[in-house]
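One structure is given below, encoded as structure tokens.
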Amino acid sequence: MAVIGSNITGKSIARLVSLRMQTESPSAIGVYVAFSIQAIAMAIGWQFISYFLRHEIGVTSYVVITTLFAVPALVTIGAVSFWGYVSDWIGHRKPVMILGFVGYFATYLFYSFVTNEVEYFIIAVVGTFFSAGAIPAGQALLTTDSNTKGERLSLLLVAQSAGWFIGALSSGFLYDLIGMYTLYRLAAVLSLVAALSCMVIVHDIPIREEHEHDSLGFVHLLTRPGMTRLLLSIALSYLGINAITSVVPIIISDELGGPIALVGLGNSAATALAVLITSYVGKVIDRKGPIGVLIAGYGSYALFALGFALATDPISAVVLYALPLYPLASTAAFTFGSLISGEKERGRAMGLVSGAQNAGAAIGPIIGGVFADQVFHYAHPIAWITLLFNIIAFLLAVSLIGVGRRLQAETVARRAVSETVVDDTDDGTSGPRSD
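So for the sequence shown, this note's numbering puts the first residue at 2; every next one is plus one.
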């Protein structure tokens, strides 16, 4: 009788825990909707920064243009970690997400009145600090109490890619018609809509207390096996990629002689194709682990850089630019960060991964601008820098294969236990026995 009683009690508790996790799971659809709307605004505000600075503000130096392009990423390095810590500390993700969307709204609104590079710099610094919290808070919310972290993060990227597609395509055709100042105001309105949708349809959950992986701070996260190498590979890859993407509009239009609308077509094609493959990428990561996909992502970036460096006409350059490569490395990196962290420190882990991305995104354009001004005297050869840094990132990712296998084995074991609990609570064996 004691054994039967213990069995009933244990399974009853498991059922209650399972039901509680279901009722408190984040409103994933609400998160996807809010970030897809915000992604439209981001695409509008991002893809023509260097072209806007050169042709509408009158900045002529590559170094100044790429430095201003890099400022948001530079600020984001520290800001994402700060807001990740805040969301962990207060025990909720939704308020930080809303603050981030409001930050985007204010940034784009003030951009629409900028008249010189100094004003642009100040707005970028202040606005980015407040907008930086949206992404890590949203990612942390989505991966709470989930055994399919890779799939959830990939679906977030699908939602963002859909928004980027709309924003890139529409602004590519509208730039010559209404100008960047009006486009910035449109981006501000969309950011406000994203904030309001987050308030209404996203349901927050408190972070449950845990003993394993307890909240021990950033230093403790950095000492986890493979974390430092992961962050270094992310930073180097993003350094290389952003060195070239920061000046793609100038390369396509001014150096290869193509129309500026090609940039919008390239970005929209890349995001449209990404929508088709990203959910599959997430499923592969959940089944096989993130490291293999990370290796494939860095290798693809290296091949892209080689082809782009050798391109001699705007069409071939845009075709290469339109390849949907970013879901591979990005989804794999964030999934690795979620697997290696506990629930209560998930915001900080996402902040570290995002911070590494933004470290590369901040340093890459500056390095590219210096080489374009002082060494190459034009921007196209920066693609060779992209190739070099992604080869190094590729080698670092290869060194993570052993760590990735261990994390994947632990994830599969946890998933098997979770499925066993669900099976036991559904087959009627948890009730009183007739014998």
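Positions of the beta carbon are idealized from the N, C-alpha and C atoms, including for glycine.
Reduced DSSP category for residue i - H, G, I as helix; E, B as strand; rest coil
| i | result |
| --- | --- |
| D89 | helix |
| R186 | helix |
| F106 | helix |
| V248 | coil |
| L326 | coil |
| N117 | coil |
| T313 | coil |
| I402 | helix |
| D205 | coil |
Distance between residue j and residue i (C-alpha atoms, nearest Å)
| i | j | result |
| --- | --- | --- |
| S113 | Y302 | 33 Å |
| I292 | E120 | 42 Å |
| F337 | A40 | 23 Å |
| L340 | T387 | 29 Å |
| R288 | L353 | 24 Å |
| S216 | V159 | Its pLDDT being 47, under 50, S216 is placed unreliably by the model, and the measurement read from it follows with that caveat. Each residue's Cα considered, the two are about 30 Å apart. |
| P73 | A410 | 38 Å |
| N391 | V194 | 37 Å |
| I402 | A141 | 25 Å |
| V294 | T332 | 9 Å |
| G139 | V32 | 7 Å |
| V371 | V127 | 25 Å |
| G259 | V115 | 27 Å |
| P226 | A334 | 14 Å |
| H378 | V320 | 25 Å |
| A270 | V264 | 10 Å |
| A133 | I261 | 29 Å |
Cβ-based burial, residue i [other Cβ within 10 Å; buried from 16]
| i | result |
| --- | --- |
| D177 | exposed |
| G356 | buried |
| Y63 | buried |
| T144 | buried |
| L326 | buried |
| V203 | buried |
| S88 | buried |
| I364 | buried |
| Y239 | buried |
| P250 | buried |
| P27 | Bear in mind that a pLDDT of 45 at P27, under 50, signals an unreliable position, so the model cannot answer this. |
| V97 | buried |
From the options, residue whose alpha carbon lies closest to that of residue i
| i | options | result |
| --- | --- | --- |
| L233 | V190, G79 and L396 | L396 |
| G168 | A310, S192 and L154 | S192 |
| Y299 | G101, A236, A163 and S51 | A236 |
| Y105 | G46, P137, F390 and L69 | G46 |
| R349 | A318, A271, V371 and W90 | W90 |
| D1 | A271, L257 and G267 | This structure cannot speak to residue 1, because the chain is shown only from 2 to 436. |
| A297 | A398, A133 and L156 | A398 |
| R406 | V319, F309 and G290 | G290 |
| S51 | L307, V319, A244 and S269 | A244 |
| V103 | Q161, I383, F131 and L307 | F131 |
| E118 | Q375, G267, S254 and L69 | L69 |
| L154 | A312, A306 and V282 | V282 |
| I367 | I136, I66 and S162 | I66 |
Cβ of residue i within 8 Å of any chain C Cβ
| i | result |
| --- | --- |
| V371 | Here there is only one protein chain, and chain C is not present. |
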